[in-house]
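The sequence shown: position 37 = 36 (numbering that gives the first Met the number 0), numbered continuously. All C-beta atoms, glycine included, are put in the ideal place defined by N, C-alpha and C. One structure is given here, and the rest of the page talks about it.
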Amino acid sequence: MKLKKPQAIAIALEVGIHNAALAITIALSPQLLGNPTMGIPPMIYGLTMVVTALGFGLLVNRRSRAVS
C-alpha cells in the first residue's frame, strides 16, 4: 500500500491488538460460544497475540533507537 515504515508498523500492532481483544471477548462471552471448553482456544490465541505484539513493539523500539 506504499505506506511509510512507521505507519506500517503501527497498523501491524493495531491489528494484532484488535485480534487479541476480539479473541478474548469471544472466549469470555457465554452468549457467543455457550461452552467453556470452546473458549479455551480463543483465549490462548488472544494471550499469544498480546505477548507477540509486546515482543514486536519492543523489537521495533530497540531497532529504532539503534538507527537514531
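Near residue i, which residues of its chain fall below 6 Å by C-beta distance, leaving aside the five closest residues on each side in sequence?
| i | result |
| --- | --- |
| A52 | L12, G15, I16 |
| G45 | A19, A22, I23 |
| K4 | none |
Taking 8 Å as the limit between beta carbons, can you name the residues of its chain near residue i, skipping five residues before and five after?
| i | result |
| --- | --- |
| G73 | In this structure the chain extends from 0 to 67, so residue 73 is not present and cannot be described. |
| I39 | A26 |
Residue i: buried (16+ other C-beta within 10 angstroms of its C-beta) or exposed?
| i | result |
| --- | --- |
| M37 | exposed |
| M48 | buried |
| A65 | exposed |
| P29 | exposed |
| P41 | buried |
What residues in its chain sit with their C-beta under 7 Å from that of residue i, if we drop five residues either side in the sequence?
| i | result |
| --- | --- |
| V59 | I8 |
| L31 | I25 |
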